[in-house]
Amino acid sequence: MADSGADLLEKELAGFEILEEAKKEEDCKEPGDGAPSLDGEEEKKKDDIVESKTSAIDETPETEIPNNNAKENPAVTPAEKDLEKAMEAKVEGNTLFKTGRYEEALRKYDEAIAFCPDDEKENLAAYHCNSAAVHSKMSDWEMVVESCTKAINSKPDYVKAYMRRSVAYEKQDKPVEAYEDIKKADELAPNTARIKARCAKLSVVAQERQEKMKNEMLGKLKDLGNTILGNFGISLDNFKAQKDPNTGSYNISYQP
Numbered sequence: 016m017a018d019s020g021a022d023l024l025e026k027e028l029a030g031f032e033i034l035e036e037a038k039k040e041e042d043c044k045e046p047g048d049g050a051p052s053l054d055g056e057e058e059k060k061k062d063d064i065v066e067s068k069t070s071a072i073d074e075t076p077e078t079e080i081p082n083n084n085a086k087e088n089p090a091v092t093p094a095e096k097d098l099e100k101a102m103e104a105k106v107e108g109n110t111l112f113k114t115g116r117y118e119e120a121l122r123k124y125d126e127a128i129a130f131c132p133d134d135e136k137e138n139l140a141a142y143h144c145n146s147a148a149v150h151s152k153m154s155d156w157e158m159v160v161e162s163c164t165k166a167i168n169s170k171p172d173y174v175k176a177y178m179r180r181s182v183a184y185e186k187q188d189k190p191v192e193a194y195e196d197i198k199k200a201d202e203l204a205p206n207t208a209r210i211k212a213r214c215a216k217l218s219v220v221a222q223e224r225q226e227k228m229k230n231e232m233l234g235k236l237k238d239l240g241n242t243i244l245g246n247f248g249i250s251l252d253n254f255k256a257q258k259d260p261n262t263g264s265y266n267i268s269y270q271p
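Just so we're aligned, residue 16 is where the sequence shown starts under my numbering, counting upward by one.
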């Protein structure tokens, strides 16, 4: 559901999810030298074969074991937990985001999430919310909801995640869910004017939607009841409910 208020809030949020830039980058270390070259290794194998064919055969399974378990080698594990690498990926993602290269930025934020240690809840939540910012730029509202939910799971009091997910729900024509999120944001940041304004507006829309859903449900139940009672020549219209002003309960009477 298009909404100028939601669009305005979306624009305000666009730059807010990006955390402060990481500490000054350190000089990258060059890979260590001195490792034996492939040619040297091949030459050594040839020498071993000449010295003893039996030894070469025995050594073959040992040299192949690392290849069979390459996924366990930290050098080829993309999800290696390293906060410094996570922050570097985040900074690169921020730069790409600011220049409008959203798909590339999303990949960098994914890297940041993969590298981020599980106990770094604050950073992990920020990376997920950054991903949500990218998805919102691409109008992928389902993914905005998913990324914000992950951010909230890591940081339950993350106001911006609730605000962004509220916008995403509204874009999906889910005013009840949108109101619940903005209400939570208002509880966490009670002195924020734009949140209060949005909360007041969505409260009305959500109430109207809930009333509509209730009437639709009652209509379906009535149709079902009439289908059953029709076999006996009666309908729910033959039954009248009257509220007792003293007790607040209802008395149902049959009127042929």
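All C-beta atoms, glycine included, are put in the ideal place defined by N, C-alpha and C.
*Top-ranked residue by Cα proximity to phenylalanine 112, from Glu223, Ala221, Tyr142 and Lys96*: The residue given as residue 112 occupies position 97 in the sequence shown. Closest option to phenylalanine 112, Cα to Cα, is Tyr142.
_Taking 7 Å as the limit between beta carbons, can you name the residues of its chain near glycine 132, skipping five residues before and five after?_
Within the sequence shown, numbered from 1, the residue matching residue 132 stands at position 117. One detail in the question is off: residue 132 reads as proline in this sequence, not glycine. Cβ neighbours of proline 132 beyond the five flanking positions: Lys96 and Leu98.
*Assign glycine 108 to buried or exposed, taking buried as 16 or more other Cβ atoms, counted over all protein chains shown, within 10 Å of its Cβ.*
Within the sequence shown, residue 108 is the residue found at index 93, counting from 1. By the neighbour-count rule (16 or more Cβ atoms within 10 Å), glycine 108 is buried.
*Can you check whether the CB of leucine 203 is closer than 8 Å to the CB of aspartate 172?*
Residue mapping note: residue 172 aligns to position 157 of the sequence shown, counting from 1. Residue mapping note: residue 203 aligns to position 188 of the sequence shown, counting from 1. The answer is yes: Cβ separation under 8 Å.
*Between lysine 100 and serine 146, what straight-line distance do the alpha-carbon atoms span, to the nearest angstrom?*
Residue numbering aside, residue 100 sits at position 85 when the sequence shown is read from its first letter. Residue numbering aside, residue 146 sits at position 131 when the sequence shown is read from its first letter. Rounded to the nearest angstrom, the two C-alpha atoms are 17 Å apart.
*asked:* Do proline 260 and alanine 221 count as a contact pair if the criterion is CB distance below 8 Å?
replied: Looking up residue 221 in the sequence shown gives position 206. Looking up residue 260 in the sequence shown gives position 245. Their beta carbons are not under 8 Å apart, which means alanine 221 does not touch proline 260 by this criterion.
*Does DSSP classify glutamate 95 as helix, strand or coil?*
Within the sequence shown, numbered from 1, the residue matching residue 95 stands at position 80. Coil, per DSSP.
*Under the rule that 16 or more other beta-carbon atoms within 10 Å means buried, what is isoleucine 215, buried or exposed?*
As a first step, residue 215 is located in the sequence shown; it is residue number 200 there, counting from the start. Checking the displayed sequence, the identity of residue 215 turns out to be alanine instead of isoleucine. Looking at its Cβ environment, which holds fewer than 16 other Cβ atoms inside 10 Å, alanine 215 is exposed.
*Identify every run of the beta strand (DSSP E) within the region 196–236, keeping only runs that are complete inside it and at least 3 residues long; order them along the chain.*
Complete beta strand (DSSP E) runs here, min 3: none at all.
_Run of the alpha helix (DSSP H) containing glutamate 119, from where it starts to where it stops_ = Here residue 119 refers to the residue found at position 104 of the sequence shown. Where glutamate 119 is concerned, the enclosing alpha helix (DSSP H) stretches over 117–130.
*Under three-state DSSP, which class holds proline 190?*
For the purposes of this step, residue 190 is taken as residue 175 along the sequence shown, with counting starting at 1. In the three-state reduction of the DSSP assignment, proline 190 falls in the helix class.
*Go ahead and label valine 219 buried or exposed: buried means 16 or more other beta carbons lie within 10 angstroms of its beta carbon, across all protein chains shown.*
In the sequence shown, the residue the question calls residue 219 occupies position 204. So valine 219 ends up on the exposed side.
*asked:* Can you look up methionine 178 in the DSSP assignment and give me helix, strand or coil?
replied: Translated into positions along the sequence shown, residue 178 becomes position 163. Methionine 178 falls in the helix class under three-state DSSP.
*asked:* One question on the structure: do alanine 127 and valine 159 come within less than 8 Å of each other, judged by their Cβ atoms?
replied: Within the sequence shown, the letter at position 112 stands for residue 127. Within the sequence shown, the letter at position 144 stands for residue 159. Against a cut-off of 8 Å, the Cβ pair of valine 159 and alanine 127 comes out as no contact.
*What residue does the alpha helix (DSSP H) around lysine 170 start on, and which one ends it?*
As a first step, residue 170 is located in the sequence shown; it is residue number 155 there, counting from the start. Here lysine 170 belongs to no alpha helix (DSSP H), and DSSP marks it neither H nor E.
*When burial is assigned at 16 or more other CB atoms within 10 Å of the CB, is methionine 153 buried or exposed?*
On the sequence shown, residue 153 is found 138 positions in, with the first residue counted as 1. When all chains shown are included, methionine 153 counts as exposed.
*DSSP-derived helix/strand/coil call for lysine 152*: Against the sequence shown, residue 152 aligns to sequence position 137. For lysine 152, the three-state secondary structure derived from DSSP is helix.
_Between the alpha carbons of glycine 263 and arginine 209, how many angstroms are there, rounded?_
Working through the sequence shown from its first residue, we reach residue 263 at position 248. Working through the sequence shown from its first residue, we reach residue 209 at position 194. Across the structure, glycine 263 and arginine 209 are spaced so that their CA atoms are roughly 40 Å apart.
_Can you tell me whether glutamate 157 is helix, strand or coil according to DSSP?_
Reading the sequence shown from its first residue, position 142 is the one you call residue 157. Three-state result, glutamate 157: helix.
*Please report how far the alpha carbon of threonine 242 lies from the alpha carbon of glutamate 223, in whole angstroms.*
One-based indexing of the sequence shown puts residue 242 at position 227. One-based indexing of the sequence shown puts residue 223 at position 208. The C-alpha of glutamate 223 is placed about 29 Å away from the C-alpha of threonine 242.
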